[in-house]
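Numbering (the numbering used here), first residue to last: 1426 to 1501. Even for Gly, the Cβ is constructed at its ideal location relative to N, Cα and C. Only a predicted model underlies this, so the values are computations on that prediction, with no experimental measurement involved. Take a look at the structure below.
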């Protein structure tokens, strides 16, 4: 399983999403789009959005911290 989260340091929903992943034992890769323009462009290409968090679960893109959609994508 591949989970990627695109974040910024000041995003409270990003922190909530990362905490939720940690609490549920789900490993993830985080990209700070405020510090990495390449990853910011990648995120915008994947989601069509500039807002964070953008979460990629095995290619399924979820914009925002939507636990129900994340659980569906994780097949939980």
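Sorted by chain position, which residues of the same chain lie with C-beta nearer than 6 Å to residue i's C-beta, five sequence neighbours on each side aside?
i: residue 1452; result: none
So, are the CB atoms of residue i and residue j less than 7 Å apart?
i: residue 1428; j: residue 1482; result: yes
i: residue 1488; j: residue 1439; result: no
i: residue 1432; j: residue 1455; result: yes
i: residue 1495; j: residue 1471; result: no
Out of the options, point me to the one whose CA is closest to residue i's CA.
i: residue 1434; options: 1461, 1467, 1469, 1493; result: 1461
i: residue 1459; options: 1442, 1489, 1436, 1441; result: 1436
i: residue 1457; options: 1498, 1426, 1491, 1430; result: 1430
What number of angstroms, rounded off, separates the C-alpha of residue i from the C-alpha of residue j?
i: residue 1403; j: residue 1468; result: Because the chain is modelled from 1426 through 1501, residue 1403 falls outside the range shown and cannot be assessed.
i: residue 1426; j: residue 1500; result: 11 Å
Going by beta carbon distance, what residues of the same chain come within less than 8 Å of residue i, once the five residues before and after it are set aside?
i: residue 1492; result: 1445
Leaving aside the five residues before and after residue i along the sequence, list all residues of the same chain whose C-beta is less than 7 Å from its C-beta, in chain order.
i: residue 1490; result: 1438, 1441, 1442, 1478
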